[in-house]
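Our numbering puts the first residue of the first sequence at 2, with every later residue one more than the last.
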Amino acid sequence: MRAENVVIRTPFTTMRLVFESDVLMSVDFLSQEKLSPPVSLVAKKVCQQVDAYCSKQLTNLKFDVELQAEGTPFQQSVWRALQKIPAGQVLTYGQLAQQLKTSARAVGNACRANPIPLLIPCHRVVSKSGMGGFSGSREGAPVKIKAWLLEHEGVSI
DNA sequence: GTAGTCGTGCTAA
DNA sequence: TTAGCACGACTAC
Numbered sequence: 002m003r004a005e006n007v008v009i010r011t012p013f014t015t016m017r018l019v020f021e022s023d024v025l026m027s028v029d030f031l032s033q034e035k036l037s038p039p040v041s042l043v044a045k046k047v048c049q050q051v052d053a054y055c056s057k058q059l060t061n062l063k064f065d066v067e068l069q070a071e072g073t074p075f076q077q078s079v080w081r082a083l084q085k086i087p088a089g090q091v092l093t094y095g096q097l098a099q100q101l102k103t104s105a106r107a108v109g110n111a112c113r114a115n116p117i118p119l120l121i122p123c124h125r126v127v128s129k130s131g132m133g134g135f136s137g138s139r140e141g142a143p144v145k146i147k148a149w150l151l152e153h154e155g156v157s158i
């Protein structure tokens with residue numbers, strides 16, 4: 002299996018994208034790491050699209066890259082619903098739970114398990130009483146990244 | 001208004 | 001089976 006780790010810098014943080022055989026497997030946010038430019042055609046294309054997103058040329062990210070987010074059937078259904086939320090629009094955990102006929106906490110759990118934040122836009126789901134968490138955390142740097150992304154898309158919480 | 005409590009749906013161990 | 005969650009509703013003060 003061909004694996005590729007790409008580390009790029011964005012205006013909000015440094016991102017690591019992990020590809021396996023031209024399929025994007027996971028994305029994580031790093032405070033600091035040596036950059037590692039994309040090599041494969043697919044990785045280059047994704048990085049260009051992330052750049053375009055960051056420079057507001059393409060705030061509504063629709064990546065034509067294959068994603069493979071591994072999770073339970075329930076998590077997959079939540080992630081599919083997340084990908085349908087357009088840029089600039091946010092839903093609360095409760096609203097999304099209502100759509101999926103489940104509970105807000107269950108949606109939060111699925112969001113926490115999202116291995117590909119940004120491309121699966123879990124930042125567009127917020128708590129009824131505030132920002133909610135991001136990237137597995139309810140406070141600190143991840144939440145600041147979430148705030149940046151929402152502000153970038155023209156959403157104020 | 002806000003802090004505390006509990007119900008909820010789901011996952012992982 | 002049980003503990004732990006990126007939540008929300010309800011209650012008491």
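Each residue gets a CB set at the ideal place from its N, CA and C atoms; glycine is no exception.
Minimum C-alpha distance to residue i - residue among the options
{"i": "residue 78", "options": "91, 97, 67", "result": "97"}
{"i": "residue 50", "options": "34, 157, 18", "result": "18"}
{"i": "residue 107", "options": "119, 93, 118, 57", "result": "93"}
{"i": "residue 41", "options": "53, 25, 52", "result": "25"}
{"i": "residue 84", "options": "102, 105, 123", "result": "123"}
{"i": "residue 32", "options": "55, 146, 67, 39", "result": "146"}
{"i": "residue 21", "options": "66, 53, 34, 55", "result": "66"}
{"i": "residue 154", "options": "125, 140, 109, 105", "result": "125"}
{"i": "residue 55", "options": "34, 5, 9", "result": "9"}
{"i": "residue 104", "options": "36, 64, 128, 156", "result": "128"}
{"i": "residue 157", "options": "64, 52, 132, 120", "result": "132"}
{"i": "residue 86", "options": "64, 121, 68", "result": "121"}
Cβ-based neighbour list, residue i, same chain, cut-off 8 Å, excluding 5 preceding and 5 following
{"i": "residue 143", "result": "30, 134, 135, 136, 137"}
{"i": "residue 82", "result": "97, 100, 101"}
{"i": "residue 57", "result": "153"}
Reduced DSSP category for residue i - H, G, I as helix; E, B as strand; rest coil
{"i": "residue 72", "result": "coil"}
{"i": "residue 88", "result": "coil"}
{"i": "residue 7", "result": "strand"}
{"i": "residue 31", "result": "strand"}
{"i": "residue 47", "result": "helix"}
{"i": "residue 36", "result": "coil"}
{"i": "residue 66", "result": "coil"}
{"i": "residue 24", "result": "strand"}
{"i": "residue 19", "result": "strand"}
Cβ-based neighbour list, residue i, same chain, cut-off 6 Å, excluding 5 preceding and 5 following
{"i": "residue 76", "result": "111, 114"}
{"i": "residue 109", "result": "94"}
Sequence-distant residues of the same chain with beta carbon closer than 7 Å to residue i, five excluded per side
{"i": "residue 39", "result": "7, 45, 48"}
{"i": "residue 27", "result": "19, 116, 117"}
{"i": "residue 43", "result": "20, 23, 66"}
{"i": "residue 140", "result": "none"}
Problem - Cβ contact check for the stretch 144 to 152 and the stretch 6 to 18: 3 or more pairs under 8 Å - result: yes
Problem - Stretch pair the stretch 65 to 73 + the stretch 107 to 117: three plus CB contacts closer than 8 Å - result: Yes: at least three Cβ pairs fall under 8 Å.
Practice task
Could you pull out every unbroken alpha helix (DSSP H) segment of at least 4 residues lying fully inside the stretch 105 to 153, listed in chain order?
Solution key: 105 to 113, 142 to 153
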